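Working notes for the structure below.
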Amino acid sequence: KAGVTQTPRYLIKTRGQQVTLSCSPISGHRSVSWYQQTPGQGLQFLFEYFSETQRNKGNFPGRFSGRQFSNSRSEMNVSTLELGDSALYLCASSPTEDYEQYFGPGTRLTVT
Amino acid sequence: AQRVTQPEKLLSVFKGAPVELKCNYSYSGSPELFWYVQYSRQRLQLLLRHISRESIKGFTADLNKGETSFHLKKPFAQEEDSAMYYCALNSWGKLQFGAGTQVVVTP
Chain F
1 KAGVTQTPRY
11 LIKTRGQQVT
21 LSCSPISGHR
31 SVSWYQQTPG
41 QGLQFLFEYF
51 SETQRNKGNF
61 PGRFSGRQFS
71 NSRSEMNVST
81 LELGDSALYL
91 CASSPTEDYE
101 QYFGPGTRLT
111 VT
Chain P
1001 AQRVTQPEKL
1011 LSVFKGAPVE
1021 LKCNYSYSGS
1031 PELFWYVQYS
1041 RQRLQLLLRH
1051 ISRESIKGFT
1061 ADLNKGETSF
1071 HLKKPFAQEE
1081 DSAMYYCALN
1091 SWGKLQFGAG
1101 TQVVVTP
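Shown next, in the form of structure tokens:
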């Protein structure tokens, strides 16, 4: 099976802009989770989608949002970008309610 | 509050020596714990989970509810074990990670 894919792999944006990141889970996986990884805060949970519904949410401001489509592909959006949003954004999928997660390579976002 | 603590940022061991990565957690329910590993230029991947109670790549981890610990151990470290290791807790549907421990195995 193909692994989790994320696009784009690298992104440079300017403060105040918005950005959309995409994640394609492993075929058959219905749960998609998003994480932010930074040197200072480590890996932090953003949100999880299951069957097009947000099932769990981390402690991030409302500028961070996401959605999941009927084919389980997911997108996350960050509006009004801040310099502190610069990070590696990881997507992970899992088959059911099992939390064995399969990670994508990440999208490196740089906000200038 | 739920928390996962990995006290060591860096662990340097010689090849063939035992290695133990510490992980402590705080959680009010019945914990579900994992160890994830990230090798250089590779994706984060699951190493093992406490419910499976199996040994992967020679690593084992035992859940000690009394000490709220889930330490990862391997009796004889290999150079290919050099990687970043993360302990993670399933906190009511949210996977909460520790800060990670960088393991360097020198020949």
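Chains as they are written, first to last, in the numbering used here: chain F, 1 to 112; chain P, 1001 to 1107.
Cβ coordinates follow ideal geometry from the N, Cα and C atoms, glycine included.
Note that the coordinates shown come from a computational prediction; the quantities given were computed from them, not determined experimentally.
Test item: CB-CB of residue i and residue j under 8 Å
i	j	result
residue 76 of chain F	residue 109 of chain F	no
residue 1043 of chain P	residue 28 of chain F	no
residue 1077 of chain P	residue 1070 of chain P	no
residue 1021 of chain P	residue 1072 of chain P	yes
residue 26 of chain F	residue 89 of chain F	no
Identity of the residue in the options nearest residue i by Cα
i	options	result
residue 1028 of chain P	P:1102, P:1064, P:1022, P:1091	P:1091
residue 30 of chain F	F:111, F:48, F:80	F:48
residue 54 of chain F	F:83, F:60, F:28, F:66	F:66
residue 1004 of chain P	F:20, F:82, F:41	F:41
residue 1015 of chain P	P:1060, P:1074, P:1048	P:1074
residue 987 of chain P	P:1034, P:1067, P:1011	Lying before the first or after the last residue shown, residue 987 of chain P is absent from chain P, which here runs from 1001 to 1107.
residue 43 of chain F	P:1085, P:1077, P:1107, P:1104	P:1085
residue 1049 of chain P	F:107, F:106, F:100	F:100
residue 69 of chain F	F:23, F:8, F:7	F:23
residue 58 of chain F	F:107, F:33, F:8	F:33
residue 85 of chain F	F:91, F:17, F:93, F:6	F:17
residue 94 of chain F	F:21, F:6, F:50	F:50
residue 71 of chain F	F:92, F:4, F:52	F:52
Cβ-based neighbour list, residue i, same chain, cut-off 8 Å, excluding 5 preceding and 5 following
i	result
residue 1009 of chain P	1099, 1100, 1101, 1102
residue 15 of chain F	81, 82, 83, 111, 112
residue 19 of chain F	11, 13, 77, 78, 81, 109
residue 64 of chain F	46, 47, 76, 77, 78
residue 9 of chain F	105, 106, 107, 108
residue 1051 of chain P	1032
residue 1013 of chain P	1019, 1077, 1103, 1104, 1105, 1106
DSSP three-state assignment for residue i, whether helix, strand or coil
i	result
residue 62 of chain F	coil
residue 1080 of chain P	helix
residue 42 of chain F	strand
residue 1089 of chain P	strand
residue 1063 of chain P	coil
residue 1044 of chain P	coil
residue 1021 of chain P	strand
residue 81 of chain F	coil
residue 2 of chain F	coil
residue 71 of chain F	coil
residue 1069 of chain P	strand
residue 1003 of chain P	strand
residue 87 of chain F	strand
Neighbourhood of residue i by C-beta, 7 Å cutoff - its chain only, sequence neighbours within 5 removed
i	result
residue 1002 of chain P	1026, 1027, 1089, 1091, 1096
residue 87 of chain F	36, 37, 38, 109
residue 1036 of chain P	1044, 1045, 1046, 1047, 1086, 1088
residue 1079 of chain P	1015, 1105, 1107
residue 1068 of chain P	1024, 1025, 1026
Same chain, Cβ closer than 6 Å to residue i, five either side skipped, listed in chain order
i	result
residue 1039 of chain P	1083
residue 1018 of chain P	1075
residue 73 of chain F	24
Any chain A beta carbon closer than 8 Å to residue i
i	result
residue 81 of chain F	Annotation note: the requested chain A is absent from the structure, which comprises protein chains F and P.
Relative to chain P, which residues along the segment 45-76 of chain F have a C-beta separation below 7 Å, given in chain order? 45, 48, 55, 56, 58
The segment 88-109 of chain F: which residues have C-beta closer than 9 Å to a C-beta of chain P, in chain order? 90, 92, 97, 99, 100, 101, 102, 103, 104, 105, 106
Along the segment 1077-1105 of chain P, where does the CB come closer than 9 Å to a CB of chain F? Name the residues. 1086, 1088, 1090, 1091, 1092, 1093, 1094, 1095, 1096, 1097, 1098, 1099, 1100
Of all the residues that make up the segment 5-23 of chain F, which are near chain P by a beta-carbon distance shorter than 7 Å? none
Using a Cβ cut-off of 8 Å, which residues of the segment 1037-1050 of chain P contact any Cβ in chain F, in chain order? 1043, 1044, 1045, 1046, 1049
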